[in-house]
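S.K.: Taking mature numbering (1 follows the signal peptide of the UniProt record, and there is no 0), I'd label the letters of the sequence shown as residues -26 to -1, 1 to 547. What follows is a structure written as structure tokens; I'll ask about it next.
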Amino acid sequence: KMTFCKGNMGTLSLVLLLLSVQWSWAQEDPLLPFSEHLDPEHKVRLKWGFDEIQGTILFELTVNTSGWVGFGFSPKGGMTGADIVIGGVGPEGRYFTDRHAGGNSMPVVDQQQNYKLLSLTESDGKTVMKFQRSIEACDENDSPITNLPMKLIYAYGQNDNIMYHSTRRGTKELNLLKYMPRVNPPNSKYFDMTMVNFTVPANQTHYHCKIMRAPTFDRKQHIYRIEPVITNFDLVHHLLLYRCPLTVTEPFEAECYTSFRTNLCMETIAVWGVGGGAFEFPEVAGLPIGGNVGDFLYRLEVHYNNLNKSTGRVDNSGLRFYYTSELRQHDAAVLGTGLVIAPWYAVPPKAKSFLTYGLCDTAYIPEVLETPHDLQVFSVMLHTHLAGRKVRVGHFRGGKQIDFLAVDENYDFEYQDVMNLGKTKTVKLGDKLLVECTYNTENRSTLTWGGLSTSAEMCLAFLFYYPAMNLSGCMSFPNTTTLRSEMGTNWLNLMSNKIWNDTSINQYQQTLKRIDQLVIIADSLNNISRNTGLIPDLSVILSAPCMSGCATKSLALLSLLLCLAVQFMQKYY
């Protein structure tokens, strides 16, 4: 129950206005990154964002009306069976209810109100309603938000008498949790960066690298969409495009990591994994090319997974980049985090659930960059090989875990797509990111080493963020000196000959986590910072409970503050 104080309503309105202006500036709008008009006339606009880890989704509905507005989820696109909210600002104030429809009649108010109203305003002929709910259904009258396209319905009236909407209604199908915007700038063009008639070797694993030039542009352009161009889906496991430093001046092609030249290009620009599709950047950011970044060369890396050792297969796979001269607000970039890929790191056999960790401590970024800044992270791609089962990216600030940046509790090697976070998450300088990978090696009888092969392992998280910094990686590796001290000088041989059971596996896992880690940060010119750090403990962040229409503690606190402000102004002014 909300309790309001009595007082001068003009003064209260002024305080509310000032607070609403301040909040609108503060919320510009990392929590609502997605936007679609639901109607052809663009009178109804929906903005939304979500947090799958917390289990909540946030909406803001703007309708060109001074009357009531309705929004909901329908199994077939009509009223029957729909989960609906109706709200507005009437002569007696705001109203907002969670309802359900049994047919083409007035929706019934739910006994349990599972939508939380955050704000509701009406001005200049527009009604703006911001509200939140759980992703899961909280009662039999609610519709769960799924990973599949859903039919969204809307309706509105010309006044606040909730009655038949006539033609002021509509339906639009959207995938809210897997939304990929598709914009078509009027001057949009594209170019491809691919292999050209490359004959894939008859090896199970081959990494091929091609250093090439991108098209030249007189002024900077923004890449807004990246699509895979795959000619052999059964062979191509993943693609990476790196920007080379200015010291690399000539095109070159060879097996990756066998030449010093391919090792120089390490600033990740784009990434695609098996099972993934096209990726589109948010409206506020684009990948820069041309202008002052026009002289760089790029290295395309293709991982071929030729399990049958087929001969004579010719490949032309790569990436397609859509770009526009209409620049966006920010340059975007990709940062590689996780565990350094190294052959002397091992996952023991017969393990049901073995954990590895990679630490990124952003406090050390100023050691390689003169003007570092916070990262606004909007998407993540998680990556392991065949033994990977789960990947979690923990976010720490001030020594405490504040969130998970990303989580995949059911990692699938055959489906590695860029994961949209649902909202933009701020990683402040000084924050730590911990990439945790869970492996299952129950069916393996020998050690699984870290490495490039599909049968070897990795533990990586590629962060898509803005504004761009000239960073290539922020990773860690267990300090091998400490590891030798803990396990013995000949620990590599001991590992191979060790009897692995639940006890020895757990002891080894705890040792790797307990010892100090070598934290490495590299910029795009391969300037490297080396420091040490310790692996923090990851906690379990529980999903938020079902939303309630009742006032929360924060709203109650706001009400109290408003009351005190009104009383103060009445007393002294």
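Cβ coordinates follow ideal geometry from the N, Cα and C atoms, glycine included.
Just how far apart, CA to CA, sit Ser327 and Met355?
M.R.: Here residue 327 refers to the residue found at position 353 of the sequence shown. Here residue 355 refers to the residue found at position 381 of the sequence shown. So the two alpha carbons sit approximately 22 Å from each other.
S.K.: Considering only heavy atoms of the ligand ZN, does any lie closer than 7 Å to the CB of Ser327?
M.R.: This structure lacks the ligand ZN; in fact it carries no ligand of any kind.
S.K.: Assign His347 to one of two classes, buried (16 or more other C-beta atoms within 10 Å of its C-beta) or exposed (fewer than that).
M.R.: Sequence index remark: in the sequence shown, residue 347 carries index 373 (1-based). Under this definition His347 is an exposed residue.
S.K.: Please name the residue or residues paired with Ala228 in a DSSP beta bridge.
M.R.: Here the question's residue 228 lines up with position 254 in the sequence shown. As computed with DSSP, Ala228 is found in a beta bridge with Cys183.
S.K.: DSSP three-state call for Ile339: helix, strand or coil?
M.R.: Your numbering for residue 339 matches position 365 in the sequence shown. In this structure, Ile339 counts as helix in the three-state DSSP scheme.
S.K.: When you compare each of Lys406, Leu209 and Gly368 to Glu388 by their alpha carbons, which one comes out closest?
M.R.: Taking the sequence shown and counting its residues from 1, one reaches residue 388 at position 414. Comparing Cα-Cα distances from Glu388 to each of Lys406, Leu209 and Gly368, the minimum goes to Leu209.
S.K.: Excluding the 5 residues preceding and the 5 following Ser427 in the sequence, name in chain order all residues of the same chain whose CB lies nearer than 6 Å to its CB.
M.R.: Position 453 of the sequence shown, counted from the start, is the residue given in the question as residue 427. Hits under 6 Å: Thr179.
S.K.: Could you tell me the alpha carbon to alpha carbon distance between Gly41 and Leu92, rounded to whole angstroms?
M.R.: Along the sequence shown, read from residue 1 onward, the residue named residue 41 stands at position 67. Along the sequence shown, read from residue 1 onward, the residue named residue 92 stands at position 118. Going by the C-alpha atoms only, they are around 19 Å apart.
S.K.: Taking the straight line between their C-alpha atoms, what separation do you get for Asn296 and Gly67?
M.R.: For this step, residue 296 is matched to residue 322 along the sequence shown. For this step, residue 67 is matched to residue 93 along the sequence shown. According to the sequence displayed, residue 296 carries Tyr and not Asn. Looking at the two C-alpha atoms, the distance is approximately 48 Å.
S.K.: Going by beta-carbon coordinates alone, are Lys406 and Pro510 separated by less than 8 Å?
M.R.: To locate residue 406, count along the sequence shown from 1; it is residue 432. To locate residue 510, count along the sequence shown from 1; it is residue 536. Going by beta carbons, Lys406 and Pro510 fall inside the 8 Å limit.
S.K.: What span of residues does the alpha helix (DSSP H) with Phe105 cover, start to end?
M.R.: Mapped onto the sequence shown, residue 105 falls at position 131. Counting along the chain, Phe105 sits inside no alpha helix (DSSP H); it lies in the beta strand (DSSP E) bounded by residues Lys100 to Ser108.
S.K.: With distance defined between alpha-carbon atoms, name the residue in Arg193, Asn135, Ile197 and Asp192 nearest to Asn158.
M.R.: In the sequence shown, counting from the first residue as 1, residue 158 sits at position 184. Answer by Cα proximity: Ile197.
S.K.: Output needed for Phe253: all residues of its chain with C-beta closer than 6 Å, excluding positions within five of it in sequence on either side, in chain order.
M.R.: Translated into the one-based positions of the sequence shown, residue 253 becomes position 279. Excluding positions up to five away in sequence, the list reads Ile200 and Val392.
S.K.: Given Glu96, which residues of its chain have a CB within under 8 Å of its CB, disregarding the five upstream and five downstream residues?
M.R.: Residue numbering aside, residue 96 sits at position 122 when the sequence shown is read from its first letter. Excluding sequence neighbours, Glu96 sits near Ser40, Gly62, Val63 and Val102.
S.K.: Can you tell me whether DSSP reads Lys487 as helix, strand or coil?
M.R.: Stepping through the sequence shown from its first residue, residue 487 is reached at position 513. Correct three-state label for Lys487: helix.
S.K.: Among Cys411, Ser419 and Ala442, which one has its Cα closest to the Cα of Met432?
M.R.: As a position in the sequence shown, residue 432 is number 458, starting the count at 1. Of the listed residues, the one whose Cα sits closest to Met432 is Cys411.
S.K.: Alpha carbon to alpha carbon, how far is Gln28 from Leu532? Give it in angstroms, no decimals.
M.R.: Along the sequence shown, read from residue 1 onward, the residue named residue 532 stands at position 558. Along the sequence shown, read from residue 1 onward, the residue named residue 28 stands at position 54. Residue confidence for Leu532 is low, a pLDDT of 42 falling below 50, so the modelled location carries little weight and cannot support an answer.
S.K.: Tell me where the alpha helix (DSSP H) around Ser162 begins and ends.
M.R.: The count along the sequence shown starts at 1 and reaches residue 162 at position 188. Segment: none, Ser162 is in no alpha helix (DSSP H) and carries neither H nor E.
S.K.: Can you pull the DSSP bridge partners for Ala307?
M.R.: Taking the first residue of the sequence shown as 1, we reach residue 307 at position 333. Per the DSSP secondary-structure output, Ala307 pairs in a beta bridge with Tyr439.
S.K.: Please list, in chain order, all residues of the same chain as Pro262 whose beta carbon is under 6 Å from its beta carbon, the five residues on each side excluded.
M.R.: In the sequence shown, residue 262 corresponds to position 288, counting from 1. So the list reads Lys194 and Asp305, once near-sequence residues are dropped.
S.K.: Leaving out five residues before and five after Thr526 in sequence, what residues of the same chain have Cβ atoms less than 7 Å from its Cβ?
M.R.: Here the question's residue 526 lines up with position 552 in the sequence shown. In this prediction, Thr526 scores a pLDDT of 35, lower than 50, which makes its location untrustworthy; the coordinate-derived value is nonetheless stated afterwards. There are no such residues.
S.K.: What does the Cβ neighbour count give for Thr400, buried or exposed, with the cut at 16 atoms within 10 Å?
M.R.: Locating residue 400 in the sequence shown gives position 426, where the first residue counts as 1. Counting the other CB atoms within 10 Å of its CB gives Thr400 a total below 16, which places it among the exposed residues.
S.K.: What is the DSSP secondary structure of Met169, counted as helix, strand or coil?
M.R.: The residue labelled residue 169 in the question sits at position 195 within the sequence shown. Three-state DSSP puts Met169 in coil, outside helix and strand.
S.K.: Based on the DSSP output, what are the partners of Cys411 in its beta bridges?
M.R.: Against the sequence shown, residue 411 aligns to sequence position 437. For Cys411, which the question treats as bridged, DSSP gives the partners Thr330 and Val365.
S.K.: Hey, quick one: how far does the alpha helix (DSSP H) through Arg318 stretch, first residue to last?
M.R.: For the purposes of this step, residue 318 is identified with residue 344 of the sequence shown, where counting begins at 1. For the record, residue 318 in the displayed sequence is Trp; it is not Arg. Secondary structure note for Trp318: it is in no alpha helix (DSSP H), with a DSSP letter that is neither H nor E.
S.K.: What separation, rounded to the nearest whole angstrom, lies between the Cα atoms of His277 and Val409?
M.R.: The count along the sequence shown starts at 1 and reaches residue 277 at position 303. The count along the sequence shown starts at 1 and reaches residue 409 at position 435. So the two alpha carbons sit approximately 22 Å from each other.
S.K.: For the putative contact between Asn280 and Val174, defined by C-beta atoms under 8 Å, what is the C-beta separation to the nearest angstrom?
M.R.: For the purposes of this step, residue 280 is taken as residue 306 along the sequence shown, with counting starting at 1. For the purposes of this step, residue 174 is taken as residue 200 along the sequence shown, with counting starting at 1. Their Cβ separation, rounded to whole angstroms, is 6 Å, which keeps Asn280 and Val174 in contact under 8 Å.
S.K.: How would you write the range of the alpha helix (DSSP H) that Glu257 sits in, first residue to last?
M.R.: The residue you call residue 257 lines up with position 283 of the sequence shown. Element bounds for Glu257: n/a, residue is neither H nor E.
S.K.: Any idea what DSSP makes of Trp465, helix, strand or coil?
M.R.: Residue mapping note: residue 465 aligns to position 491 of the sequence shown, counting from 1. In this structure, Trp465 counts as helix in the three-state DSSP scheme.
S.K.: Thinking C-beta only, is Ala320 closer than 8 Å to Ile479?
M.R.: One-based indexing of the sequence shown puts residue 479 at position 505. One-based indexing of the sequence shown puts residue 320 at position 346. No, the pair does not count as a contact, with Cβ atoms beyond the cut-off.
S.K.: Three or more beta-carbon pairs under 8 Å between the segment 120 to 133 and the segment 147 to 154, yes or no?
M.R.: yes
S.K.: Under a three-way DSSP split, which group does Leu512 fall into?
M.R.: Start at 1 with the first residue of the sequence shown, and residue 512 comes out as number 538. Reduced to three states, the DSSP call for Leu512 is coil.
S.K.: DSSP has His212 in a bridge; who is on the other side?
M.R.: In the sequence shown, counting from the first residue as 1, residue 212 sits at position 238. Its beta-bridge partners are Gly247 and His277.
S.K.: Start and end of the beta strand (DSSP E) containing Phe378?
M.R.: Within the sequence shown, numbered from 1, the residue matching residue 378 stands at position 404. Where Phe378 is concerned, the enclosing beta strand (DSSP E) stretches over Lys374 to Asp382.
S.K.: Within its chain, find whatever has a CB closer than 8 Å to the CB of Glu26; leave out the 5 residues flanking it on each side and keep chain order.
M.R.: As a first step, residue 26 is located in the sequence shown; it is residue number 52 there, counting from the start. Hits under 8 Å: Ile109, Leu151, Val381 and Gly396.
S.K.: So the candidates are Glu147, Asp166, Phe172 and Phe451; which of them puts its Cα closest to the Cα of Leu215?
M.R.: As a first step, residue 215 must be located in the sequence shown, where it is residue number 241. Selected option, being the one with the closest Cα: Asp166.
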